[in-house]
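Here is the structure we will look at, set down as structure tokens.
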Amino acid sequence: MTIAEKPLAVDPTRVWRTYVGGRILDTVYGKENPGDGEFPESWLASVVSARNPGREHIDGEGLSFVSKDAGTETKSLKSLIEQDPAAFLGKRHVDRFGSDPALLVKLIDSAERLTIQAHPTRKDSLRYFNSPFGKSEFWVILGGREIDGQKPYVLFGFKPGITREKWRRLFEAQDIQGMIDALHKIPVQPGDVMAVPGGVPHAIGPGCFLLEAQEPTDFTLRPERITPKGRVLPEEACHLGAGFESMLDMFDYTPYTPEELRGRFIGSCPLDESGETCLPLTVPAMGMPFRVNYHAVPGKGELNSDGGFAVVLCLEGEGSLGDVPVGPYTALFVPAGAVNRVIETSSGKPLKLLECLPEAT
Ligand SMILES: O=P(O)(O)OC[C@H]1O[C@@H](O)[C@@H](O)[C@@H](O)[C@@H]1O
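Quick note on the numbering used here: the sequence shown kicks off at 228 and runs consecutively.
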């Protein structure tokens, strides 16, 4: 059996960001002395290099490696896929996207509010960054913690009355409180899901722990030039070389009421229920170029991944996927060619998994 014919456990890839966090990640990964620091994200089965201004000298930050016990010497997932894209990603996918999985999955664990930001749509990515992918995102809130008396929340979408001109004035004055007040503040709890299309302003608040599925880029536009903990961002980290006017153009100024936001962009995942479930997670506004399915398997099940590959995260339970043992926070890359896709519980409790898939081809 070749390596492209079986699910592969992938090591967590911790990535440096401008915000602080990571204590929950340290804990779920069994690290000694868990604590918050500069590596608040874990990228799962990533073939995307992080774009961290000032850290360009670090080669391949963000790339994931296949766990040793997968029995291979070539360990970067990117190099493995490039050896035989059709076997790993599926022929239909390769016909459309080449050797790019067109998907990036992350765990995010914030201990401070992230800077207010937006990501480019595909159209803007092509125009400004010569990339076929934007960075629309989909969040599944998994947990969180209270920080300085604040429960987890996110800032999301412009309130009615915010125009490009007003946003530009707030940006030029670096009126951070004004920028915060221009967005809706939405409390979040485990099981909430949110779609974040390109252009829509947002900031993950402190104390959020979530899975994010997104397009495979690291393009973030940041009008806040100093992070909440006082880190000064280089200009390049704000507009990514496109210039400040273009950065402002890439924001989506559609105003929303809180009800409209909830109705369109927010949904839920039944994390707490234990009956048999296999559920595509979605919100009314969906149309996102990737898919996330939730599985709660009480005994035995099968992952069909629509005939293609999947990035899978185990949330709860013990058992196996194919021949690979899985437990909480095991991440796997399941190649399109994987033969044994049986999910089996060994603990008597349901095995809960999130299955992330690229755009259907
Ligand atoms: O602004 P930094 O610290 O790079 O944070 C950027 C992070 O923001 C979040 O909202 C998501 O878009 C993550 O995918 C991204 O990594």
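C-beta: ideal position from N, C-alpha, C; glycine also.
With the rule of 3 Cβ pairs closer than 8 Å, the stretch 554-571 does not count as touching the stretch 392-402. Going by C-alpha positions, V367 is about 14 Å away from Y556. In this structure the stretch 397-404 does not lie against the stretch 376-384, because fewer than three pairs of beta carbons, one per stretch, are closer than 8 Å. When only Cα atoms are considered, C465 and T454 end up about 11 Å apart. Just so you know, the alpha carbons of Q441 and V237 end up roughly 18 Å apart. In this structure the stretch 413-425 does not touch the stretch 321-338; the number of beta carbon pairs closer than 8 Å is below three. No alpha helix (DSSP H) of 4 residues or more sits fully in the stretch 253-307.
W243 is the residue among W243, I343, G432 whose C-alpha sits nearest the C-alpha of G289. Shortest gap from the CB of H346 to any heavy atom of ligand 1: under 7 Å. In the structure shown, K318 falls within a helical segment according to DSSP collapsed to helix, strand and coil.
Here DSSP, grouped into helix, strand and coil, assigns A409 to helix. The stretch 336-356 makes contact with the stretch 247-263, as at least three CB pairs between them are under 8 Å. Runs of the beta strand (DSSP E) spanning 3 or more residues and lying entirely within the stretch 384-472 occur at 410-414, 419-423, 429-431, 435-441, in chain order. The stretch 574-586 makes contact with the stretch 537-555, as at least three CB pairs between them are under 8 Å. The beta carbons of L508 and V524 sit no closer together than 8 Å. When Cβ pairs closer than 8 Å are counted between the two stretches, the stretch 349-367 is seen to touch the stretch 467-486, the count reaching three or more.
For the options T240, R340, W270, the alpha carbon positioned closest to that of V247 is the one of R340. Here F536 carries a coil assignment [DSSP, helix/strand/coil]. Judged by the Cβ position, R449 qualifies as a neighbour of ligand 1 at the 7 Å threshold, a heavy atom of the ligand being closer than this.
Beta-bridge annotation (DSSP): A523 is paired with T504, K579. In this structure, D533 places its C-beta atom within 8 Å of the C-beta atom of A587.
In this structure, the CA atom of Q344 is about 45 Å from the CA atom of M228. Shortest Cα-Cα distance from N531 to any of S495, S501, C583 involves C583. The secondary-structure analysis by DSSP pairs Q344 across a beta bridge with H429.
Per DSSP, E486 is not a residue of any beta strand (DSSP E); the alpha helix (DSSP H) it occupies stretches across 485-492. Contact between E571 and S547 is confirmed by a C-beta separation of about 5 Å, below the 8 Å threshold. If you compare the alpha carbons of F492, G575, G490 with that of K527, the shortest gap goes to G575. Burial check for I251: the Cβ neighbour count within 10 Å reaches 16 or more, so the residue is buried.
By the beta-carbon neighbour count (other beta carbons within 10 angstroms, threshold 16), D351 is buried. Relative to ligand 1, the beta carbon of T229 is positioned no closer than 7 Å to any heavy atom. Beta-bridge annotation (DSSP): A558 is paired with V237, L540. The Cβ-Cβ distance between D499 and G418 falls below 8 Å.
Relative to ligand 1, even the nearest heavy atom lies 7 Å or more away from the CB of R250. Per the coordinates, the alpha-carbon of T484 lies some 6 Å from the alpha-carbon of K386. For L334, the enclosing beta strand (DSSP E) covers residues 331-336. Distances from the CB of E472 to the heavy atoms of ligand 1 are all 7 Å or more.
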